[in-house]
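Count along the sequence shown starting at 1, add 394, and that's the number in the working numbering. Just so it is clear, CB atoms sit at the ideal spot from N, CA and C, and this is done for glycine as well. Since this is a predicted model, take the numbers as computed values, not measurements.
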Amino acid sequence: MKLDVNKPQLTIMGVKFKNQKEFRGALYAISSNMIEGWQPTKQDVEQVKDYLILKQKEKSDD
395 MKLDVNKPQL TIMGVKFKNQ KEFRGALYAI SSNMIEGWQP TKQDVEQVKD
445 YLILKQKEKS DD
């Protein structure tokens, strides 16, 4: 499976990320798991994005 990534537009499988930090974090997490045989769906990418946003928010609240 080839992951649909558009670096200039910060999208993975059509899911738009608001900044480079979130985009790179998601891309790393997703591609690392794909090496192990995982085949992500668009919904999986959205869940990774939501998780990263939540963790970033928790970090900024500290």
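Within the DSSP secondary-structure output, K410 pairs in a beta bridge with T405. A straight-line Cα-Cα distance of about 5 angstroms links D398 and M407. Just so you know, the alpha carbons of P434 and I424 end up roughly 7 angstroms apart. V439 is bridged by DSSP to nothing; it lacks a bridge partner.
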